[in-house]
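**Student:** Pasting a structure here, questions to come.
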Amino acid sequence: MKQIATLLLALLCHSALATYSPKNIIMIVGDGMGPSYTTAYRMYADDPSTPEVETTVFDRLLVGMASTHPDMDTGYVTDSAASATALATGVKTYNGAIGVDANKNPVQSVLQLAKEQGRKTGIAVTSQVNHATPASFGTHNESRQNYDQIADSYFDEKTNGQFVLDVILGGGWKYFIREDRNLVEQFKAAGYQYVDELTQLDTVKAGTPLLGLFADSGMPWALDSANQMRLPTLTKSAIRQLENEQGYFLLIEASQIDWAGHGNDIGSAMAEMHDLAVTLEWLEQYIVKNPDTLLVATADHSTGGLSIGANGNYSWSPKWLKNLKASPAEIGAQLIATKDRGVLATDLLGFELTLEEISSLSVIESDKPRPFHNAISKILDSRTNTGWTTSGHTGVDVQIFAKGLGSERFRGHLDNTRIAQNLFELLKDKK
């Protein structure tokens, strides 16, 4: 009798899951955002005047963890292309693969299925729009390095005679406006609105196809942007264009958390995390008003081996990151031609440098920004007591965040391919 009751309960639960599926799906990838990043952001955002450490949007939305390894012929540590392909298609593949399996055969993504079903689709990213993550959701290529081919495919590939992407927002002028082909003009001729300034997003006609490119390659760091809330701006605009009776699928990527990790740059990392946190906070409220929407967020992998506390010291001091007027990369670029490096660095960092810190900048003899960038990042590491284990990726599990209709499917520990498989099931169960 007990076994029968258990079986009936399981059938009822399956029936409930199959009956209620989201009209809209918003997938967010925090590129490179391992668990140490969300923990560091909680401390960075903490109000030091209160006795408790306040929770953040990441804490509120946390539902599980995901493993990230690529196809096992590649190994245990993934790159962004293989992990994005797993998140988009539910298929493990080799590092560098864009929407293809280990044998280089194209595999359908959840975004492509949504388009096939008649939903609108879009991408909103802070990297170039043909970078590994957005490309893995929108197209197929044997190598993430084939940037021009990937950009071309956004125009050339069709689903049911239609463009795969209704909205394309991010960086990438140099890939779309080339000597051999002007994709911007082709998209405009095909009926897409085109903008190249974030401020122009407020002027476009809602509900129409949109191409927005805002930088030659990746967009400027959050710390260097006139609109430091660039990801929320892209997100709100994308949703405004995509909303319709049939529903939509939107991929959002906080791309440059990963770039900060590769550069071991804690200042930029926390600013990029804040850009994503504000986006998630807005989406929390959006889902309250639109309960037929599912939000799923995760990371493709972790980058840099970020350590909150280093050198055996049991402390971490994010206060030194609060007054940055520019990214360490931009500060480094400005220091090249500056005679009094200590004065300029003090101004842009927002705190008085020690003689030792000034000396570390004064001894650099280079006409390239990278040595200065590294020196500024080391100053911030020392002040905050931040550690790093690598300039590459690590193989740790990453977090899963979810809210809205169908979010219960993402609880617990999942492989990253299961995230995509759950999305496929929700799309196919559309009622």
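In my numbering, the protein residues as written are 170 to 600. A virtual CB, placed ideally from N, CA and C, is assigned to each residue, including glycine.
Helix, strand or coil: how does DSSP classify GLU326 here?
**Tutor:** coil
**Student:** Return the Cβ separation of PHE356 and LEU380 in integer angstroms, given the expectation that the two are a contact with Cβ distance under 8 Å.
**Tutor:** 5 Å
**Student:** Which residue marks the beginning of the beta strand (DSSP E) containing GLU422, and which one marks its end?
**Tutor:** From DSSP, the beta strand (DSSP E) with GLU422 extends over 417–423.
**Student:** Around the Cβ of TYR206, are there at least 16 other Cβ atoms within 10 angstroms (buried) or fewer (exposed)?
**Tutor:** buried
**Student:** Where does LYS537 land, buried or exposed, given buried means 16+ other C-beta within 10 angstroms?
**Tutor:** Here LYS537 is exposed. Its C-beta has fewer than 16 other C-beta atoms within 10 Å.
**Student:** Would the beta-carbon of LEU282 fall within 8 Å of that of LEU463?
**Tutor:** In this structure, LEU282 sits away from LEU463, with a CB-CB distance that is not shorter than 8 Å.
**Student:** Quick one: grab the DSSP three-state call for THR472.
**Tutor:** strand
**Student:** Since PRO204 and VAL567 are thought to touch, with beta carbons under 8 Å apart, how far apart are those beta carbons, to the nearest angstrom?
**Tutor:** 7 Å
**Student:** Tell me the DSSP secondary structure of VAL457 in three-state form.
**Tutor:** helix
**Student:** Within the continuous alpha helix (DSSP H) that includes ASN482, where are the two ends?
**Tutor:** Membership of ASN482 in any alpha helix (DSSP H) is not indicated, and neither H nor E is assigned to it by DSSP.
**Student:** Looking only at its own chain, which residues have a Cβ that is under 6 Å from the Cβ of LYS284, when we skip the five neighbours before and after it?
**Tutor:** THR290, THR328 and VAL333
**Student:** Going by DSSP, name the residue or residues bridged to GLY199.
**Tutor:** ALA423
**Student:** Does the count of Cβ pairs from the region 381–395 and the region 437–444 closer than 8 Å reach three?
**Tutor:** yes
**Student:** Looking only at its own chain, which residues have a Cβ that is under 6 Å from the Cβ of LYS192, when we skip the five neighbours before and after it?
**Tutor:** GLY416 and ASP461
**Student:** How many angstroms separate the CA atom of GLN318 from the CA atom of LEU382?
**Tutor:** Taking the straight line joining both Cα atoms gives about 17 Å.
**Student:** Would you mind working out which of GLY474, ALA407 and GLN397 sits nearest GLY432, comparing C-alpha positions?
**Tutor:** GLY474
**Student:** If I follow the unbroken beta strand (DSSP E) through ALA297, where does it start and stop?
**Tutor:** Checking the sequence shown, residue 297 turns out to be Gln, not Ala. Per DSSP, GLN297 belongs to the beta strand (DSSP E) from 289–297.
**Student:** According to DSSP, is SER236 helix, strand or coil?
**Tutor:** strand
**Student:** Near THR515, which residues of its chain fall below 6 Å by C-beta distance, leaving aside the five closest residues on each side in sequence?
**Tutor:** GLU521 and LEU522
**Student:** Spatial neighbours of ARG399 within its chain, please: CB distance less than 7 Å, with the 5 preceding and 5 following residues excluded, ordered by chain position.
**Tutor:** THR295, LEU367, MET388, ALA391 and ASP444
**Student:** Where does HIS300 sit, in a helix, a strand or coil, going by DSSP?
**Tutor:** coil
**Student:** Just list the residues that DSSP pairs HIS562 with in beta bridges.
**Tutor:** THR472
**Student:** What residue does the alpha helix (DSSP H) around THR402 start on, and which one ends it?
**Tutor:** 399–411
**Student:** Pull up the DSSP beta-bridge partners for GLY581, would you.
**Tutor:** GLY233
**Student:** Please determine, among ARG229, ALA301, THR224 and PHE345, the residue with the shortest C-alpha to C-alpha distance to GLN454.
**Tutor:** ARG229
**Student:** Pick helix, strand or coil for ASN543, following the three-state DSSP scheme.
**Tutor:** The answer is helix: DSSP assigns ASN543 an H, G or I state.
**Student:** Would DSSP call LYS192 helix, strand or coil?
**Tutor:** coil
**Student:** Using the C-alpha atoms, what's the distance from ALA253 back to THR188?
**Tutor:** Legend: pLDDT at THR188 = 45, less than 50; position of this residue unreliable, value from coordinates given subsequently. About 28 Å.
**Student:** Which partner residues does LYS572 have in the DSSP bridge list?
**Tutor:** LEU464
**Student:** Please report the straight-line C-alpha distance between ILE500 and SER249, rounded to a whole angstrom.
**Tutor:** 28 Å
**Student:** Tell me the rounded alpha-carbon separation between LEU524 and ALA495.
**Tutor:** 22 Å
**Student:** Let me check understanding here. Comparing Cα to Cα, which of THR472, LEU420 and GLY556 lies closest to LEU592?
**Tutor:** LEU420
**Student:** Taking only the alpha-carbon atoms, compute the straight-line gap between THR258 and ALA589 and give it to the nearest angstrom.
**Tutor:** 6 Å
**Student:** By DSSP, does THR208 sit in helix, in strand, or in coil?
**Tutor:** helix
**Student:** Who are the near neighbours of SER546 in its chain, counting only those whose CB is closer than 8 Å to its CB and skipping five residues on each side?
**Tutor:** GLY432, ASN433, ASP434, ILE435, GLY436 and PRO497
**Student:** Using DSSP's beta-bridge definition, name the partner residues of ASN310.
**Tutor:** Looking at the DSSP assignment, ASN310 forms a beta bridge with ILE267.
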